[in-house]
Every structure is written in structure tokens, then in C-alpha cells.
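First the structure, in the form of C-alpha cells, and then the observations on it.
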Amino acid sequence: MISDQTKRSFKRLGLACVLIIGLPASGAIGWAAYLRLSGNVHQVGMSEVYRSAQLSSKGLEAVIKDHAVKTVINLRGSQQNSEWYDAERATAAKLGVTHIDLPLSANEEPDDAKLDHLITTMRDAQKPLLIHCEGGADRSGLAAALYRHAIEGETYEKAAEELSFRYGHFPWLTSRTGAMDRAFARRASVTP
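In C-alpha cells:
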């Protein structure tokens, strides 16, 4: 027979476990939800480059106007006849902004040729520049890290901060988005 004292101890232990695990987990979930709802719009370093999630037409127009964006790089690739894609292209055209499709997968490491093409495209694009993917965390994080390292000359460690939970990047557990971290590490190892 279990004593009342032991039962109370187990209840306290259970409550402590819920608090220790539950509070951080709910905070992480809340942060991820905030990033998604806010559009995850951030300046990349101190540059004229911004990164974001997929924005609504209204959200995209606001970012373009607020930051005088001249070029949008869509890392989701061309998806003609898709509502979000057609609206994005129409918004860019209406505002006289160049729209570039450069497809990347968040779950597969892009090869060096694709990374070099992304770096060249970002370097040559008219600034201010907005880079986006679906969530603004993984592909946009890779692009931002590459921009800071290969174009701005930031250290690997400083540039790698673009691939962090601060922006919603979560390469742990069963996530396959660690491909972005590996691609950045591989490309950064050959950047002078």
C-alpha cells in the first residue's frame, strides 16, 4: 500500500516535470507561432537585405514600401497558377520590383552550383533586397548566412546565427532542415 505522503510526493514530482518540460515547450511553440503570424521579417546583418516568410500581398506591399525593396528573391521557385505566387508576382510588378525565382528545398542540401548561383544572384541584385521562403526560417536562413559570409565577409560563426531558432530554424529531432546547416558549413569552408 502506498502512503498518502508518497502519493503527494509523486503528484509534486509530476507537476514539477510538467512545468519543467511544458513551460519551455509552450514558449517555443508560442515563438514559432509569432514568427509565422508576423511574417518573420528581419534585416540581414546591417545590410540592405531582408529575409521573411511567405507574405500576403498586403504584407509584401508593406515590406516593399517600408524598406524601399527593389528585388524579391523567391526561394520557393516558380509556382504559376498558385494563388500566393500569382499574387506575389502581381504585387511586385505593380510596385516596379524585380521578382526572381530561385528554387531551393529546405530538406535537401543544394549542390555547390546552386549555392554559387544564389550568391551571385544576391550579390548582383538591385538593393534593397528581400529574400523569402515559406516560413522564413530554413531556406531564407541559408541565403542570409551565405550573404553575410560570402558577400559581407562575416565570420562563419557570426553568419551562422542566421540559421537559428531566433528565426524559427529547428534542425533537431526528426527535422530534415539540418540540410541548410550542412550546406552552409560546406560552402563556408571554401569561401575565402
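Mapping to the numbering used here: the sequence shown position 182 is 200, numbers consecutive. Note that CB positions come from ideal geometry on N, CA and C, so glycine has one too. A quick note: this is a predicted structure, and the numbers were derived from the prediction, not measured.
#1: With DSSP as the reference, please indicate the residues paired to Tyr68 in a beta bridge.
#2: Taking Cβ positions, are Leu122 and Leu93 nearer each other than 8 Å?
#3: In the DSSP assignment, what residue or residues form a beta bridge with Asp156?
#4: Which of helix, strand or coil does DSSP assign to Asp129?
#5: Check each candidate in Leu160, Val208, Ser207 and Leu164 and name the one with the smallest Cα separation from Pro189.
#6: Return the first residue and the last residue of the alpha helix (DSSP H) that Val115 is part of.
#7: Could you check if Arg184 is buried or exposed, using at least 16 other CB atoms within 10 Å of its CB as the buried criterion?
#8: Any idea what DSSP makes of Val90, helix, strand or coil?
#9: Find out if the Cβ-Cβ distance for the pair Ala124, Met64 is shorter than 8 Å.
#10: Leaving aside the five residues before and after Arg141 along the sequence, list all residues of the same chain whose C-beta is less than 7 Å from its C-beta, in chain order.
#11: I believe Ser70 touches Gly171 by the beta-carbon criterion, under 8 Å. Please report the beta-carbon distance rounded to the nearest angstrom.
Looking at the atomic coordinates:
#1: Gln61 and Leu148
#2: yes
#3: Bridge partners of Asp156: none, in fact.
#4: coil
#5: Leu160
#6: No alpha helix (DSSP H) holds Val115; DSSP gives it neither H nor E.
#7: exposed
#8: strand
#9: no
#10: Ile169
#11: Not confirmed; about 24 Å, so no contact.
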